[in-house]
Each structure stands twice: as C-alpha cells, then as structure tokens.
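In the numbering used here, the protein residues as written are 475 to 690.
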C-alpha cells in the first residue's frame, strides 16, 4: 500500500499510554495521512498497538532499523505482520541492510523510508556530512522515500534536489522549531508533527491549523 499525500500531515504518536494514544488517533485519524509510532509506545503497549491505531489511519513504524541484513529483515517482517504500512530505517548501516528492509516491504506491499538527516542539533555531528550519499544509497536500494529535516529548510531543499521524485517525510515541525509551510516549499511531501498537536487544548483544531498552513 502507498501512503497518499492528501492532508500531507503525519502525527508523531510520541506518547506511551495506550488509552491516550487511541483517543488521539480517534480524534485525528480522519484528518491526518498517517500516524507515526516510535519505540516508546511499542515498548509500553506492545506491537499490537500498531493494529489498534491502524483502525483510524495508516501507520508508519519509526523504528530507525539499523542492523545487519538478516536482523533488519526479521524486524521488518514482524512490523509489517503487525499491520504497519511503512517502516523507517537508517542508511548508515549500508546498502545491503537497507536492501533487506526494501525486500521485506515488497513481500508485504509496504513502504520503506530511509533517514538522511535528522531534525535535532546532534544531526550536524555526523549525519549531515553524509546526507546526500544516504539519498543516493536509498535510491539505489529501491526505498520509497527518505527522511529530511523541517528544522533546516535549506538542507531539505538540497536533499530534494538530490532525491528527485522520491517521497520526503519531514520531521521537526512545531516544538522543534520547523515551519510546516516552509518544509513543503523546500520540497517535503509530508510533514511530521507531534507535541504541538497532541498537547494542544484542542488537538483536532491544531491539526486543522497545520493542514491549512500546508495548503497555502
């Protein structure tokens, strides 16, 4: 299945309480294109939370998979069996490890996104210097798309030039300082927002506000 850009908004479900997560998903499922889950919620609630959230919209497993090819394959297979529509992996482990994720995704009709540059300040230490190489690696491995930072739109634009028509998911909008409209203008297909939405007094209205920004 291909995650389609309709609202262009992905909610980062960075909570650990099952009831809270499902309540957020119920409110926002019709407004966002996907829910992104990370290790904290899966470690707290179990892998089954993916299937529960999938009742409301697409689910992306942000596991940043980074191991040898066989281990990557096993992680991806279990994640897709649980119902995830896509998985995020790291590229620094090499093409063969990314290829293992891509091969597993193809078996299940799912998608793979490769991290090129993260949104936090520490990404400047190591990742940024290799971001464009990671774009090339992701393309060569047959990944569906990449992750690039909304917090640095000038970098996002550079990565978009290198990525061609690959999908770009852009985290860091909101609390981390990234601007949704600027990220789309720089080349993102989707923006990822977490705390600025689910910690808002009215999460649904907060999501709608971001969607309006994306449509300008």
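We treat Cβ as the ideally placed atom computed from N, Cα and C, and that holds for glycine.
query                                                                                                                             : result
Integer-rounded CB distance, given that residue 561 should sit under 8 Å from residue 540                                         : Their Cβ separation, rounded to whole angstroms, is 12 Å, which puts residue 540 and residue 561 out of contact at 8 Å.
The region 521-528 touching the region 583-592, judged by at least three CB pairs closer than 8 Å                                 : no
Residue from 631, 478, 578, 640 whose Cα sits closest to the Cα of residue 661                                                    : 631
Top-ranked residue by Cα proximity to residue 557, from 529, 538, 548                                                             : 529
Contact under 7 Å by Cβ, residue 588 with residue 565                                                                             : yes
Beta strand (DSSP E) segment containing residue 508, residue limits                                                               : 508-511
Option nearest residue 680 by Cα separation, candidates 478, 501, 521, 657                                                        : 501
Which of helix, strand or coil DSSP assigns to residue 551                                                                        : helix
Buried/exposed call for residue 476, threshold 16 Cβ in 10 Å                                                                      : exposed
Own chain partners of residue 626 with C-beta closer than 7 Å, once the 5 adjacent residues on each side are dropped              : none
Distance CB(residue 606)-CB(residue 629) smaller than 7 Å                                                                         : no
Proximity winner among 515, 658, 578, 687, relative to residue 551 (alpha-carbon distances)                                       : 578
Endpoints, the beta strand (DSSP E) within which residue 483 is located                                                           : 483-487
Chain-order list of residues whose beta-carbon lies under 7 Å from that of residue 538 (same chain, five-residue window excluded) : 562, 563, 564, 589
Within 7 Å, strictly: CB atoms of residue 543 and residue 591                                                                     : no
Assumed close pair residue 684, residue 507 - CB separation to whole angstroms, cut-off 8 Å                                       : The Cβ separation is near 12 Å, so there is no contact.
With 16 other Cβ atoms within 10 Å as the buried cut-off, status of residue 518                                                   : exposed
Where the beta strand (DSSP E) through residue 585 begins and ends                                                                : 585-589
Between the CA atoms of residue 573 and residue 675 - distance to the nearest angstrom                                            : 42 Å
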